[in-house]
């Protein structure tokens with residue numbers, strides 16, 4: 003079962019890479035750079051480990067420069083609910099929100115250190 007999970011996740015990673023490559027090869031109409039420079043792709047999974055259904059250490063992969071965040075870095079927010087990351091996405095898109103989903107998991111708002 004674990005080998006099958008690796009195959010599935012590899013396939014998804016290849017699809018994201020293909021999309022990102024195509025966007026990077028396409029000029030942004032009416033602007034500088036590529037479409038990828040003005041796009042953000044979010045790839046995640048609902049579970050940290052699909053075979054054990056954990057909800058811890060869930061990876062969120064961002065591709066592209068559309069949100070203006072630092073790229074090429076890894077962040078570890080130490081068990082912070084992903085609601086706060088989703089709030090950060092809203093804020094980066096010009097739509098600040100008081101909460102996202104269950105307000106109990108929104109703590110002090112969006113995450114710092116992404117820009």
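Numbering (our numbering), first residue to last: 3 to 117. All residues carry an ideal CB built from backbone N, CA and C; glycine is no exception.
- Between residue 7 and residue 42, the gap from beta carbon to beta carbon reaches 8 Å or more.
- Note that the C-beta distance between residue 64 and residue 44 is below 8 Å.
- In terms of Cα proximity to residue 40, the closest of 28, 67, 114 is 67.
- Annotated three-state conformation of residue 87 is helix, per DSSP.
- Taking C-alpha positions only, residue 102 is separated from residue 91 by approximately 10 Å.
- The Cβ atoms of residue 116 and residue 86 lie no closer than 8 Å to each other.
- For the pair residue 89 and residue 75, the CB atoms are not nearer than the 8 Å cut-off.
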